[in-house]
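Residue numbers for the sequence shown follow the working numbering, so the first one is 51 and each next one is one higher. No residue lacks a Cβ here, since even glycine has one placed at the ideal position from N, Cα and C. The structure displayed is predicted, hence computed values, not measured ones.
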Amino acid sequence: MRTVGTFDLIFKQAGQYDRGIADRMDIPLDPVIRREAGEWAIDSALLPAYDCDFECSLDAFCEYWFSHSDGSVSPDQSDIDYWISLFDFETE
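See the structure below:
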């Protein structure tokens, strides 16, 4: 199931997937985190992303954000900007 919204919403949903709280049936096939037309999404990499200016795998997202944190505190904009700079190569 595709989830679209703010980074905070996507962060929380990805955290639920990572911790096994959310139903695994809701996770898209080959899941990725995308920023499309200013909105964030958890989507399937199998689907086209015409307005996507950033994409990384859900696994890479969860490894970065949740490997050393329980995800209880959402990142601020400077944290997000830094993360984007690290993973931006995946859209090229």
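Leaving out five residues on either side along the sequence, give the residues of the same chain with a beta carbon under 7 Å from the beta carbon of residue i.
i: GLY65; result: PHE116 and GLY121
i: PHE111; result: ALA64 and ILE83
i: ILE77; result: TYR67
Secondary structure at residue i, three-state DSSP: helix, strand or coil?
i: LEU136; result: helix
i: GLY65; result: helix
i: ILE92; result: strand
i: THR141; result: Interpretation of THR141 is limited by its pLDDT of 45, a score under 50 that renders its predicted location unreliable; the figure taken from the coordinates is listed afterwards. If DSSP states are grouped into helix, strand and coil, THR141 belongs with the helices.
i: ILE71; result: coil
How about residue i and residue j: are their beta carbons less than 9 Å apart?
i: SER135; j: ASP58; result: no
On the DSSP letters alone, give me the boundaries of the beta strand (DSSP E) that residue i sits inside.
i: ASP103; result: 102-107
i: GLY55; result: 53-55
i: ILE83; result: 81-86
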